[in-house]
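Residue numbers (our numbering): 10 to 934. Beta carbons: idealized from backbone N, C-alpha and C, even for Gly.
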């Protein structure tokens with residue numbers, strides 16, 4: 010299989026590679042694939058399974074950097090494990106891929122040519138990007154060995170990089186990165202400093218920089234190779250610390266050789282050079298700092314302070330941007346755009362750098378269209394750049410007109426002219442400020458609350474997202490706009506409702522009256538296949554029925570049949586039935602109320618609920634009705650290795666008879682099943698498929714639960730946990746989207762264990778909590794744990810076709826899974842054992858002529874498996890090995906015969922495939 014990375018795809022996953030002793034064969038396969046790619050004219054982009062199209066959300070704790078020049082309108086921000094260069098004029102984004110953890114640091118050179126991105130976590134890296142070409146120039150792998158990175162920044166002249174580790178004793182590394190060394194050019198520990206470094210600030214005129222912590226400012230100077238001198242100012246008195254507050258950020262002003270530090274209580278601390286006692290030691294002037302004075306400038310927290318064109322510019326927690334001179338005298342302030350706490354502030358650059366290649370280079374057209382856009386707008390205090398307006402007209406957000414020119418607050422009242430700048434608020438709003446025109450434009454609004462659930466609309470370009478604060482956001486993902494956001498309504502008092510339903514003997518809305526109002530996270534979302542409602546499940550067990558566009562409640566009373574979080578909601582295809590599973594190991598089933606005429610009737614009737622598992626429920630699934638019933642089939646799969654089928658035809662209403670169980674099957678012995686889906690083989694026979702913790706796919710009959718195939722799945726760091734099948738019927742080749750804890754990938758169907766039929770890339774840095782494919786099956790949405798971003802990926806089906814072609818035909822792609830490869834000892838041993846099995850079948854003690862054929866009887870397969878090191882149990886012998894081969898044609902060939910042909914003889918290729926799917930998987934686990 011292939012893992013797409015920032016460099017070149019690898020044939021096998023990391024876990025798989027570790028199980029193969031002969032790494033030379035694996036390396037030779039990678040070389041072969043690279044050679045074949047070049048020979049056939051393919052590039053690494055051709056075998057990348059997904060292309061990141063957009064991110065709904067950003068991380069406001071990471072700087073938003075203005076990269077706008079006279080010839081481009083760019084900004085850079087971070088979302089999940091990706092850094093993004095975004096053209097807010099053309100509304101296009103360029104993802105900068107290469108990190109395995111959350112991107113937590115962004116920094117740029119003075120002219121905006123070089124952009125630094127860094128992540129923190131295992132296998133952390135620092136990367137330098139050329140913003141004109143959009144490519145990575147330099148990468149520092151694990152700059153602090155096994156320690157995480159707390160802070161990283163590039164100097165204004167782009168010659169140096171400074172990184173700080175997060176160890177108990179923080180180490181500061183100084184890099185002259187253009188020399189290409191793997192080791193830092195100088196380093197020093199921060200002794201007796203327990204607070205984490207939160208920011209690195211450079212002096213533009215000398216190799217001096219400052220580190221800001223909560224109550225310390227550390228000044229460091231690089232004097233020569235291998236040496237960094239540190240001068241630390243420490244506030245000792247606790248009363249002073251309480252009075253000033255926590256330090257937020259610092260700013261160098263090289264013209265006056267001072268440093269300004271802003272605090273949470275609105276104070277500015279000024280640091281100055283220590284006067285030199287020895288006039289001959291002129292070097293000391295730029296080395297030692299002292300605290301000169303402290304000003305209480307504002308009543309709120311000063312979150313940003315920067316130096317721009319002879320002025321100090323601050324942003325505070327009330328959304329105000331203020332301009333001062335170097336004596337901290339007020340020059341100008343603005344407070345607009347409905348901005349809350351300002352987190353980042355960045356001015357346009359004084360350079361002529363161009364945009365990356367992915368953006369149109371017709372500068373005259375770009376600027377002309379933007380000027381026309383400005384002229385066409387009303388002169389108002391606040392405007393919004395509408396992302397769903399093709400004619401680029403602004404959306405007016407206030408009726409107040411301003412006909413005055415911006416002036417200084419001084420007595421002269423001369424016109425105040427300053428460059429345009431971008432601000433980012435703590436709630437994810439990025440705005441473009443034009444002070445001379447007294448205008449403010451919203452570039453975009455990105456929610457920053459942790460995403461907990463999402464789903465895509467079945468028939469249109471809508472996507473719904475739920476967050477940890479109980480808010481639901483509806484997007485048009487094609488236009489990249491937020492349509493509406495609403496919080497879930499407060500829950501009613503369920504006690505009177507329950508008492509009334511008991512008296513009427515008609516339980517509909519509530520069986521668990523506990524409200525748990527504080528547990529309001531949206532844990533499950535699902536659109537109805539009829540596109541007439543959105544069902545929203547909360548952490549407190551409540552279930553809201555909402556309008557699919559307005560997000561207003563359709564049912565005034567939310568259903569409350571669980572006291573714990575709802576995990577998954579599903580519908581039948583006709584939307585007549587609905588079911589969900591919760592954290593209390595319970596499944597709940599509803600049937601649509603056909604008598605609903607007015608809003609006073611409930612939308613759904615409760616059929617029943619059942620505590621059917623004793624370990625967490627992994628998946629639930631509806632299926633078409635059986636031949637002898639009109640009711641759909643309903644299954645639940647648990648970590649207890651049991652597949653439970655329910656009898657909906659004889660179930661309901663609640664409580665008697667309630668939800669009834671039809672049968673329970675134990676489908677695993679040692680492995681844990683992780684997800685459940687219908688395997689699209691034919692119309693004549695129906696098959697269920699699961700993925701399990703032993704990296705296997707298992708396919709079995711929906712009626713008898715007999716196993717019809719066991720196949721090796723993706724063997725990355727974790728097994729497959731989510732599956733979305735993109736093909737209704739496997740005629741030639743089918744496709745399936747899968748997700749592990751961190752990877753998302755494509756796989757060709759039918760399954761056969763071929764590792765070349767799998768391509769994958771990093772989906773999220775921590776853990777994927779959900780995936781969803783859009784209505785035309787061309788877009789994949791992913792959400793990650795503790796991540797405010799939903800990523801939108803374009804599905805590239807051609808990538809897995811190319812990889813399968815490069816893998817070869819027959820047994821060629823399977824040899825990389827066999828120890829020693831095609832000519833290794835194990836491959837030869839398997840051949841010898843295969844022919845020895847024929848001797849056993851014909852009888853060892855015989856004088857008759859031996860008949861050598863290409864097949865062996867299926868009854869010899871268990872002995873062959875034991876001979877190569879896999880020892881199946883008696884149940885596996887009866888269910889897995891023999892059954893898999895007896896019905897081999899049913900699940901592995903695109904065209905299925907009817908009735909199914911039972912296989913009695915097995916070819917060497919079939920035996921080799923079976924051994925790879927069984928033996929290798931055991932080695933991985």
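On the premise that residue j lies in contact with residue i, defined as a C-beta separation below 8 Å, what is that separation, rounded to the nearest angstrom?
i, j, result
"residue 728", "residue 702", "6 Å"
"residue 120", "residue 362", "7 Å"
"residue 791", "residue 732", "That belief does not hold up - the Cβ atoms of residue 791 and residue 732 are roughly 14 Å apart, past 8 Å."
"residue 73", "residue 431", "6 Å"
"residue 124", "residue 364", "About 13 Å separates the two Cβ atoms, so there is no contact after all."
"residue 789", "residue 746", "6 Å"
Residues in its own chain within less than 7 Å of residue i by CB, not counting five upstream and five downstream?
i, result
"residue 398", "For residue 398, the predicted model reports a pLDDT of 38, less than 50, meaning its position is unreliable; a value from the coordinates is still stated below. Same-chain partners within the cutoff: there are none."
"residue 436", "349, 457"
"residue 710", "696, 717"
"residue 546", "532, 533, 552, 575, 578, 589"
Figure out for me which residue from the options has the closest Cα to the Cα of residue i.
i, options, result
"residue 812", "841, 764, 104, 851", "764"
"residue 783", "486, 775, 590", "486"
"residue 177", "204, 564, 145, 601", "204"
"residue 284", "815, 719, 267, 275", "267"
"residue 324", "825, 353, 125", "353"
"residue 706", "464, 694, 720", "720"
"residue 841", "868, 877, 867", "877"
"residue 202", "180, 192, 184", "180"
"residue 118", "102, 99, 101, 77", "77"
"residue 274", "298, 71, 75, 309", "309"
"residue 265", "320, 844, 276, 885", "320"
"residue 787", "755, 874, 767, 512", "755"
"residue 679", "45, 882, 709", "882"
"residue 726", "62, 698, 769", "769"
"residue 314", "762, 580, 356", "356"
"residue 191", "158, 223, 549, 153", "153"
"residue 433", "444, 445, 455", "455"
Determine which residues share a DSSP beta bridge with residue i and list them.
i, result
"residue 651", "675"
"residue 135", "127, 149"
"residue 645", "629, 653"
"residue 635", "DSSP, once it has assigned bridges, lists no residue as partnering residue 635."
"residue 523", "Beta-bridge pairing links residue 523 to no other residue."
"residue 283", "Paired residues: none, contrary to the question."
"residue 47", "Paired residues: none, contrary to the question."
"residue 485", "471, 490"
"residue 269", "260, 279"
"residue 454", "438"
"residue 802", "61, 789"
"residue 304", "277"
"residue 364", "According to DSSP, which records beta bridges pairwise, residue 364 is partnered with nothing at all."
Less than 8 Å between C-beta atoms, sequence neighbours within five positions excluded: which residues of the same chain meet that for residue i?
i, result
"residue 941", "Not covered by the structure: residue 941. The range shown for the chain is 10 to 934."
"residue 730", "683, 684, 700, 748, 749, 750, 777"
"residue 151", "132, 133, 134"
Residues in its own chain within less than 6 Å of residue i by CB, not counting five upstream and five downstream?
i, result
"residue 343", "330"
"residue 518", "506, 566, 568"
"residue 638", "658"
"residue 742", "757"
"residue 794", "775, 776, 778"
"residue 8", "Lying before the first or after the last residue shown, residue 8 is absent from the chain, which here runs from 10 to 934."
"residue 288", "For residue 288, the predicted structure reports a pLDDT of 41, less than 50, and the residue's modelled location is therefore unreliable. The matter cannot be settled from this model."
Contact between the segment 93 to 113 and the segment 165 to 181 (3+ Cβ pairs under 8 Å): no
Pairs of beta-carbons, one from the segment 627 to 637 and one from the segment 530 to 550, closer than 8 Å: are there three or more? no
Is the segment 259 to 273 touching the segment 204 to 222 in the sense that three or more CB pairs, one from each, lie closer than 8 Å? yes
Any 3 or more C-beta pairs closer than 8 Å across the segment 796 to 808 and the segment 83 to 98: yes
I'd like to know if the segment 913 to 926 and the segment 831 to 850 are in contact, where contact means that at least 3 CB-CB pairs between them fall below 8 Å. yes
Is there contact between the segment 668 to 680 and the segment 644 to 658, where contact requires at least three CB pairs shorter than 8 Å? yes
Segment contact, 8 Å Cβ cut-off, at least three pairs: the segment 587 to 598 with the segment 620 to 631: yes
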